[in-house]
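Visitor:
Chains as they are written, first to last, in the numbering used here: chain E, 1 to 425; chain R, 426 to 676.
1) Run through the DSSP bridge pairs and tell me what residue 579/R is partnered with.
2) Beta carbons nearer than 8 Å to chain R: which residues of the stretch 371-400 of chain E have them?
3) Which of the three DSSP states is assigned to residue 184/E in this structure?
4) Contact defined as beta carbons within less than 8 Å: I believe residue 383/E pairs with residue 365/E. What is the distance between those atoms, to the nearest angstrom?
5) Quick one: using the 10 Å Cβ neighbour count with 16 as the cut-off for buried, is residue 375/E buried or exposed?
6) For residue 59/E, count neighbouring Cβ atoms within 10 angstroms of its own Cβ and tell me buried if that reaches 16, exposed if not.
7) Near residue 343/E, what residues of its chain come up, given a Cβ to Cβ distance below 7 Å and the 5 sequence neighbours on each side ignored?
8) At a CB distance below 9 Å, what residues from the stretch 273-286 of chain E approach chain R? Give them in sequence order.
9) Nearest-angstrom Cα distance between residue 156/E and residue 69/E?
10) Counting contacts by CB-CB distance shorter than 9 Å, is residue 74/E in contact with chain R?
11) Report the option in 481/R, 500/R, 468/R, 479/R whose CA atom is closest to the CA atom of residue 603/R.
12) So, does the CB of residue 518/R fall closer than 9 Å to a CB anywhere in chain E?
13) Alpha carbon to alpha carbon, what distance is there between residue 592/R and residue 149/E?
14) Beta-carbon separation of residue 251/E and residue 184/E under 9 Å?
15) Please report the Cβ distance between residue 502/R and residue 550/R, rounded to the nearest whole angstrom; I am assuming they are in contact, meaning their Cβ atoms lie under 8 Å.
16) Does residue 406/E come within less than 9 Å of chain R when only Cβ atoms are used?
17) Say whether the stretch 137-144 of chain E touches the stretch 44-58 of chain E, bearing in mind that this needs 3 or more beta-carbon pairs closer than 8 Å, one atom from each stretch.
18) Tell me the DSSP secondary structure of residue 373/E in three-state form.
19) Residue 75/E lies in the beta strand (DSSP E); which residues open and close that run?
20) Consider the Cβ of residue 342/E: report whether some Cβ of chain R lies at a distance smaller than 9 Å.
21) To the nearest angstrom, how far is it from the Cα of residue 181/E to the Cα of residue 191/E?
22) Please decide whether residue 639/R counts as near chain E, where near means a Cβ-Cβ distance under 9 Å.
23) Taking buried to mean at least 16 other C-beta atoms within 10 Å of its own C-beta, is residue 108/E buried or exposed?
24) Starting from the beta carbon of residue 443/E, find every residue of chain R whose beta carbon is closer than 8 Å, and list them in chain order.
25) Name, going along the chain, the residues of the stretch 350-368 of chain E whose beta-carbon falls closer than 7 Å to a beta-carbon of chain R.
26) Indicate whether at least one CB of chain E lies closer than 9 Å to the CB of residue 480/R.
27) Please name the residue or residues paired with residue 232/E in a DSSP beta bridge.
28) If we call anything under 9 Å between Cβ atoms a contact, is residue 639/R one with residue 590/R?
29) So with Cβ pairs under 9 Å, would you call residue 328/E a contact of chain R?
30) Are the C-beta of residue 423/E and some C-beta of chain R separated by less than 9 Å?
31) Should residue 152/E be labelled buried (16 or more other beta-carbon atoms within 10 Å of its own) or exposed?
32) Name the two residues that bound the continuous alpha helix (DSSP H) containing residue 319/E.
33) Do residue 256/E and residue 285/E have their beta-carbon atoms positioned less than 9 Å apart in this structure?
34) Are the CB atoms of residue 540/R and residue 504/R nearer to each other than 9 Å?
35) Please classify residue 527/R as buried or exposed, where buried requires at least 16 neighbouring CB atoms within 10 angstroms.
36) Determine the chain R residues that contact residue 270/E at a beta-carbon separation under 8 Å, and present them in chain order.
Right under this line is the structure:
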């Protein structure tokens, strides 16, 4: 008989108890880990979505702590300062709930019920789902808190009265989450959700009128970005940045790498690619490309008028000479470019648009496309403001807009002069 | 009959399929070629020199500087110094809109590559215009550069920038080959706290003690000096510095 000794008898319940305690401990541990794992995956998802929404661009100053806000944004109505959205309890989102965050994203009202200025793209963010809003909130709560008091907005009368926004909202704000279009593919719908929602592309690519609003009927038809003096091209017209005849690969390259065989991003779009689009997954970029390519094509530009034709005859020969001396080395004798590295100018839509703002600014200011994960060492365009006169810039821009079957119109030295003082940051 | 027909049509069908297949291959080869022609696959030279052409339009083909007073020489300056300036321009701490704009969306690793590239260019110094100042102004400049002014707690430039004024690796810039207007603008900007490369600014407490006359004199004297025999900066740690600048121009 191997009867357990009394001492063993006594010990066994302890052993059983301690074993079950151990089991329980493991169980709890696993459960905690599970919750933590879930948290971590929600936070990671939120980080990704916060990038898709480009929150950091407005809510941080370059080189400073992220999400601390305080970035000045010049608007036609005065200067706005972005708020602190780090999780600091006193000055940031620390005391907010996920409900309050969703209400802000969805309705454009702060916790206190005050109306937000539409510099915050809630007309787009209203389309974001509750789950995605919660993930972004979880991520923002996980970043290091920064104690930095929000700055007072500095808007002129009467724009400093937030109640006026009620009128603006009636005209331009349509509350509601994105509703999938069942007649379209899931990929198209994903693209639409990102472009119309978090991507808030229409903030720049739809003309902004005197009231600072964008009309839905003119969605993605392009417009001059107030204060920045860059022209956000139409995404619908094939004469501008309409993508109807672009391959999905070229659209994807442009969005994700910042460069493509058809052209590169520059100006404010370089910022969007740098802070946001380069981090999106291949699948999401592909979905956005599908959606953008399928946007209905609109608008034809009018043929050049008599004055423009005369200007062209006058400026073209000088422009051709300058092009050969300064530009052909990189962009090619016939404007053919060099792959991703130096964009082609022949058949490049962005230099032929009715608005000549962008090509003039590229010649004056030059620029680097953004350094991205897929193109970390971009080639750059030198500025020529210090080297060419207004007349010379007008000549070379007229040349590239009209040579090689390009169908742009001539420009004038006055057009160039007006942009010499355009803000550079 | 039907059977033959069937075989016949099978044969024809197969033949047709093969023909269509061949035609497709041919077509895709041709369109592929056309595609390759329209989609230019030529790429630029992979060198850093080609990548920094946006810089060299103003700073000279190898960063040697240009005739313009305000486009400084970059060639041969210590790489840490150049990198810190590039980062400061990108993030807007050092303010000069054309530079802030050009660098705004470039990653650290690429700025490091640019800094290394220009630091490695030991190109000849350009001839600078002779400063148009009185001899006593040059004499004051010489004294401040070589001896400083103990009574006002101003160390000599050579005490940190090296006996030959070509700087010290990795972070202290050389002061030769620069136009007097450029040097004077930098000293002025430093004095008013607008030329900052990092949070604390090493030069600022010094330049705050300089008068307008001192700045004119130092700038004129430095720009009057001949090209150094050896343009390379002094090696790191080779000089006991007159003051330590913790956390300033160094990262």
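We treat Cβ as the ideally placed atom computed from N, Cα and C, and that holds for glycine. Remember, predicted model here, so these are calculated numbers, not experimental data.
Guide: Let me lay it out:
1) 574/R
2) 371, 376, 377, 378, 379, 380, 381, 382, 383, 384, 385, 386, 387
3) coil
4) Contact between residue 383/E and residue 365/E holds, since their C-beta atoms are separated by about 5 Å, short of 8 Å.
5) buried
6) Within 10 angstroms of the beta-carbon of residue 59/E lie 16 or more other beta-carbons, which makes it buried.
7) Once the five neighbours on either side are set aside, the close Cβ partners of residue 343/E are 263, 264, 337.
8) When CB distances to chain R are screened at a threshold of 9 Å, the residues of the stretch 273-286 of chain E falling below it are 273, 274, 275, in chain order.
9) 21 Å
10) No, residue 74/E lies away from the interface with chain R (no Cβ there is under 9 Å from its Cβ).
11) 500/R
12) yes
13) 42 Å
14) no
15) Actually they do not touch by this definition, with Cβ atoms about 12 Å apart.
16) no
17) yes
18) coil
19) 72-75
20) Look at residue 342/E: its C-beta is under 9 Å from a C-beta on chain R.
21) 12 Å
22) no
23) buried
24) Residue 443/E is absent from the model: chain E starts at 1 and stops at 425.
25) Of all residues in the stretch 350-368 of chain E, only 365, 366, 367, 368 come within less than 7 Å of chain R when Cβ atoms are compared, listed by chain position.
26) yes
27) 223/E
28) no
29) no
30) yes
31) exposed
32) 306-322
33) yes
34) yes
35) buried
36) 529, 530
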